[in-house]
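Below: the structure, in structure tokens.
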Amino acid sequence: MPPSDAFAVIFDFDGTILDSETAEFESHRRFFAEHGVELTEEEWCTGIGIVLPPTHWWEWLCSRSAAPPDYARFREATRAYFNEHVRMEPMAGIGTLLSALVAGNVPRAVASAASSDWVTRALTALGLAASFDAVVTRNDVVRPKPAPDVYLEAARRLRTDPAHCVTLEDSGPGLAAARAAGMRTVAIPHRLNRRTHDFDGADLFLSSAAELTLERLRALV
Numbered sequence: 012m013p014p015s016d017a018f019a020v021i022f023d024f025d026g027t028i029l030d031s032e033t034a035e036f037e038s039h040r041r042f043f044a045e046h047g048v049e050l051t052e053e054e055w056c057t058g059i060g061i062v063l064p065p066t067h068w069w070e071w072l073c074s075r076s077a078a079p080p081d082y083a084r085f086r087e088a089t090r091a092y093f094n095e096h097v098r099m100e101p102m103a104g105i106g107t108l109l110s111a112l113v114a115g116n117v118p119r120a121v122a123s124a125a126s127s128d129w130v131t132r133a134l135t136a137l138g139l140a141a142s143f144d145a146v147v148t149r150n151d152v153v154r155p156k157p158a159p160d161v162y163l164e165a166a167r168r169l170r171t172d173p174a175h176c177v178t179l180e181d182s183g184p185g186l187a188a189a190r191a192a193g194m195r196t197v198a199i200p201h202r203l204n205r206r207t208h209d210f211d212g213a214d215l216f217l218s219s220a221a222e223l224t225l226e227r228l229r230a231l232v
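So the sequence shown is residues 12 to 232, counted in my numbering.
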């Protein structure tokens, strides 16, 4: 176990490291519009930060469309549209913050509600895979967010007391998971869910990771 004054930083992935949430929303909104159905930001935000069944949004569309598509077409089109919309680059301030954490020898992990395949592949594409000491996803735990399991497992792998961990989250369910794990929390809401998710109780509420420094994070612990 690290010294008692040591701390670690644990990052959510989607919407925190990579702006995949906008691309996911736009890809689904585009496909829904092709089938005569409007998908609003408020409706989409009900699924941010939690694990939905793979067929959730397809079933949602089918219940509203006069000519619902088959599931294979839904998956193919939304994946293709996602690849068109997504910008494979770290969100504002993430690269600089990670560099400071690496230079300061601060343990770092990802704790995501997404699949291991997606998170690992995306981190590699972003050139950030080597920046983390541990990556924990929904495949590694029994209960997904808002349960604390992914955060507790990340702390275990970093060999750091959860009370000495600071988390970066963009969603209400993710914030609830980190708080349930007994960790300090930094809420950086996404454009889509800033008005719709509950961020009460966050230790810091920021517009982007560019506002963070090593000293500011250390002061939270």
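Beta carbons: idealized from backbone N, C-alpha and C, even for Gly. Please read all numbers here as calculations on a predicted model, not as lab measurements.
Open item on the list: Taking its Cβ as the centre, do 16 or more other Cβ atoms sit within 10 Å of His67, making it buried, or is it exposed?
Closed with: Around the C-beta of His67, fewer than 16 other C-beta atoms lie within 10 Å, and the residue is accordingly described as exposed.
Open item on the list: Taking the alpha helix (DSSP H) that Leu186 belongs to, which residues open and close that run?
Closed with: Gly183 to Ala191
Open item on the list: When you compare the CB positions of Thr161 and Ile28, do they come within less than 9 Å of one another, or not?
Closed with: Residue identity differs from the one stated: residue 161 is Val in this sequence, not Thr. No.
- [ ] Specify, as a first and last residue, the run of the beta strand (DSSP E) that Thr178 falls within.
- [x] Cys176 to Glu180
Task: Span separating the alpha-carbon of Ala220 from that of Glu45 - done: Rounded to whole angstroms, Ala220 to Glu45 spans 36 Å at the Cα level.
Open item on the list: For Val5, which residues in the same chain have their Cβ closer than 7 Å to its Cβ, ignoring the five residues on either side in sequence?
Closed with: With the chain represented from 12 up to 232, any question about residue 5 goes unanswered, as that position is not in the structure.
TODO: State the beta-bridge partners of Ala19 as determined by DSSP.
DONE: Cys176
Open item on the list: With H, G and I counted as helix, E and B as strand and the rest as coil, what does DSSP make of Pro14?
Closed with: A caution first: Pro14 carries a pLDDT of 43, below 50, which makes its placement in the model too unreliable to give a value.
Open item on the list: With the cut-off set at 9 Å, would you say Ala192 and Ala166 are in Cβ contact?
Closed with: In this structure, the beta-carbon distance from Ala192 to Ala166 falls below 9 Å.
Task: Spatial distance of Gly26 from Ala77 (CA atoms) - done: Roughly 33 Å separates the two Cα atoms.
Open item on the list: Quick test of your reading: Asp23 and Gly185, contact by CB under 8 Å. State the CB separation rounded to the nearest angstrom.
Closed with: 5 Å
- [ ] State the DSSP-derived secondary structure class of Phe143, mapped to helix, strand or coil.
- [x] coil
Open item on the list: Using C-beta distances below 6 Å, list every residue in its chain close to Phe42, excluding the 5 sequence neighbours before and after it, in chain order.
Closed with: Ala88 and Thr89
TODO: Could you tell me the boundaries of the beta strand (DSSP E) in which Arg168 lies?
DONE: No beta strand (DSSP E) contains Arg168, which is instead part of the alpha helix (DSSP H) from Asp160 to Leu169.
Task: Spatially closest choice to Ser127 from Phe216, Arg75 and Val62, by CA coordinates - done: Nearest C-alpha to Ser127: Val62.
Task: Top-ranked residue by Cα proximity to Gly106, from Leu217, Leu223 and Arg227 - done: Leu223
Task: Ile199 versus Glu49, Met102 and Leu137, residue with shortest Cα-Cα distance - done: Met102
Open item on the list: The alpha helix (DSSP H) that contains Thr89, what's its start and end?
Closed with: Tyr82 to His96
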